[in-house]
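For the sequence shown, the working numbering gives the first residue as 8, with consecutive numbering after it. Glycine residues also receive a C-beta, built at the ideal position from the N, C-alpha and C atoms.
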Amino acid sequence: MEPSADLHPRVLVLGSGGMLGRDLLRRFRDSGIPVLGLGSGECDITRRDRVAACVESRPWGAVINCAAYTAVDRAEAEPGAAFRVNRDGAAHVAEACRRENVPLIHLSTDYVFDGQSRVPYREEDPARPVSVYGRSKWEGEEAVRDRSGKHLVVRTAWLYAAHGQNFVTSVLHLARRRKELRVVDDQFGCPTWTEDLAEGLVSMVRKVLESPKGVPWGTYHLCGGGFTSRHAFARAIVEEGYRREHLVVGRILPVPTDHYPTAARRPPWAVLDCQKANNAFGIALPPWQTGLARMMEELYTPTA
Ligand SMILES: NC(=O)c1ccc[n+]([C@@H]2O[C@H](COP(=O)([O-])OP(=O)(O)OC[C@H]3O[C@@H](n4cnc5c(N)ncnc54)[C@H](OP(=O)(O)O)[C@@H]3O)[C@@H](O)[C@H]2O)c1
8 MEPSADLHPR VLVLGSGGML GRDLLRRFRD SGIPVLGLGS GECDITRRDR
58 VAACVESRPW GAVINCAAYT AVDRAEAEPG AAFRVNRDGA AHVAEACRRE
108 NVPLIHLSTD YVFDGQSRVP YREEDPARPV SVYGRSKWEG EEAVRDRSGK
158 HLVVRTAWLY AAHGQNFVTS VLHLARRRKE LRVVDDQFGC PTWTEDLAEG
208 LVSMVRKVLE SPKGVPWGTY HLCGGGFTSR HAFARAIVEE GYRREHLVVG
258 RILPVPTDHY PTAARRPPWA VLDCQKANNA FGIALPPWQT GLARMMEELY
308 TPTA
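In structure tokens, the structure reads:
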């Protein structure tokens, strides 16, 4: 990917070719904050020297690390690769940011929790990841907290976008081809549209740039409002889809997780309490249903 640059970028986004990274670049541009996005080809975060060179290259106002190994099931078979990116890569970014005294915003996940709670997880609740991916992301968070001075660790969940492959685009793909879908109904979480998250992150960065002394550094949860099951989410996606195109699917059957075995275990109840981000930054993402409806508008709007 070509480096994506404004003339005098103030914010560096690592992992900018991914689902969140792409929308984040767009949001920064819309908001008038000049940004540089680097993909894995330009800045491989597993290479300490490359990360140092990228972070030292300008007096950044903030660095956002969206780079991650996100193949949750594949990680079970290749833990080394997951830890190299999610733990060691995060450590390289945090070290470079501390050396240059640059604030770091690092993305993490609801999968740091085991999902046994029945009240929404708060930031200080104990992490007990149940998968390689979850453990690698947790250790990445810890590396950032240990190494980086000014940092915001932002945990999010169940991301989807109009572009790329994700739960929403996969459900629509299947709904065009199959009469019946089976979707687990015992996993709960907070679906989050990447555009909504990107807007929240831009608000955080604006505060970092404009009044860094007043920033309450630390760990925050930021995801779509409310929560739902995978099954109810799939139903909502198909209902939105029906309004816009002919879908073949007629039934969406709820199934328990053990009918649909995957290599990695998922937390059954990964619901995040986002009140802290609201109190500290005045940020609350729209309810997940609103995010989904707006994302579907975008998906079905022909681009010029
Ligand atoms: N997706 C979700 O549902 C979800 C949920 C909770 C939290 N999160 C977190 O949110 C963040 C963004 O996720 P996402 O869904 O946007 O992920 P994504 O679409 O998989 O994008 C991740 C990006 O990281 C890049 N990357 C991978 N290895 C790299 C390396 N060694 N050096 C530099 N870049 C590297 C990838 O580039 P290449 O494609 O070139 O390899 C890709 O562009 C991640 O921290 C993720 O853990 C995601």
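Give the straight-line distance between the Cα atoms of residue i and residue j, rounded to the nearest whole angstrom.
i, j, result
"G94", "E148", "Checking the sequence, you will find Arg at residue 94 rather than Gly. Going by the C-alpha atoms only, they are around 8 Å apart."
"F90", "A75", "10 Å"
"A150", "H99", "9 Å"
"M8", "R125", "The pLDDT assigned to M8 is 40, lower than 50, so where the model puts this residue is not dependable, and the model offers no usable value."
"A18", "L166", "Contrary to the premise, residue 18 reads as Val rather than Ala in this sequence. For V18 and L166, the distance between alpha carbons rounds to 22 Å."
"I112", "I259", "38 Å"
"R29", "S23", "6 Å"
"V42", "T269", "38 Å"
"S210", "A134", "27 Å"
"A243", "P136", "28 Å"
"P294", "E202", "13 Å"
"D117", "A164", "6 Å"
"L254", "R57", "47 Å"
"L21", "C61", "10 Å"
"V262", "Q123", "19 Å"
"R81", "A271", "8 Å"
"I326", "A59", "For the chain, the structure presents residues 8 to 311; residue 326 sits outside this window and is missing."
"A241", "P66", "44 Å"
"P10", "E187", "For P10, the pLDDT reaches just 49, beneath the cut-off of 50, and the residue's location in the model is therefore unreliable, leaving the point undetermined."
"C73", "M26", "9 Å"
"D265", "L204", "31 Å"
"V190", "E247", "17 Å"
"H224", "G39", "The amino acid occupying residue 224 in the given sequence is Trp; His does not appear at that position. About 24 Å."
"R184", "V175", "15 Å"
"R55", "Y249", "48 Å"
"C50", "G221", "30 Å"
"E313", "G171", "Only positions 8 to 311 of the chain appear in this structure, which leaves residue 313 out of reach."
"R105", "G68", "13 Å"
"D193", "P219", "42 Å"
"R213", "V119", "27 Å"
"R310", "L292", "With the sequence shown as reference, residue 310 is identified as Thr, and Arg is not the correct amino acid for it. T310 and L292: Cα-Cα distance of roughly 26 Å."
Counting C-beta neighbours from all protein chains within 10 Å, is the total for residue i 16 or more, i.e. buried, or is it exposed?
i, result
"G96", "buried"
"L181", "buried"
"P274", "buried"
"S155", "buried"
"E102", "buried"
"E131", "exposed"
"R251", "exposed"
"D153", "exposed"
"D37", "exposed"
"Y227", "buried"
"P198", "buried"
"H158", "buried"
"S138", "buried"
"P110", "buried"
"E85", "exposed"
"E146", "buried"
"G87", "exposed"
"Y267", "exposed"
"G48", "exposed"
Among the residues of its own chain, which have a CB less than 6 Å from the CB of residue i, if the five just before and after it don't count?
i, result
"S2", "Residue 2 lies beyond the residue range present for the chain, which begins at 8 and ends at 311; the question has no answer from this structure."
"I290", "G207, S210 and A284"
"P16", "P41, V42 and L43"
"A169", "M302, E305 and L306"
"D121", "R135, V137 and P274"
"A287", "P223"
"W200", "G298 and M302"
"N173", "Y167"
"G141", "Y118 and V119"
"V79", "Y140 and A271"
Between residue i and the rest of its own chain, which residues show a CB-CB distance below 8 Å, the 5 nearest in sequence each way excluded?
i, result
"L208", "L31, R34, I71, I112, V161 and L229"
"T308", "none"
"V92", "I52, T53, A74, A75, Y76 and S143"
Could you pull out every residue in the same chain whose Cβ sits closer than 7 Å to the Cβ of residue i, ignoring the five residues on either side in sequence?
i, result
"P127", "V278, L279 and D280"
"V245", "V178, A182, L254, V256 and I259"
"G196", "D117, A164, W165, F234, A277 and V278"
"E107", "V62 and E63"
When you compare the CB of residue i with every CB in chain D, is at least one pair closer than 8 Å?
i, result
"V278", "As a matter of chain content, chain D is missing from the structure shown, which is built from one protein chain."
TODO: Only counting runs of 4 or more residues, tell me where the alpha helix (DSSP H) segments fall wholly within the region 17 to 102, in order along the chain.
DONE: 26 to 38, 55 to 63, 81 to 84 and 86 to 90
Open item on the list: Report the start-end ranges of each alpha helix (DSSP H) in the region 164 to 215 that is 4 residues or longer and not cut off at the edges.
Closed with: Runs found: 174 to 182.
TODO: Report yes or no: do the region 245 to 258 and the region 230 to 237 share at least 3 C-beta pairs separated by less than 8 Å?
DONE: no
Open item on the list: If we require 3 or more residues per run, which beta strand (DSSP E) segments fall completely within the region 100 to 169?
Closed with: 111 to 116 and 158 to 163
- [ ] May I have a chain-ordered list of the alpha helix (DSSP H) segments no shorter than 4 residues that lie completely inside the region 236 to 287?
- [x] 237 to 249
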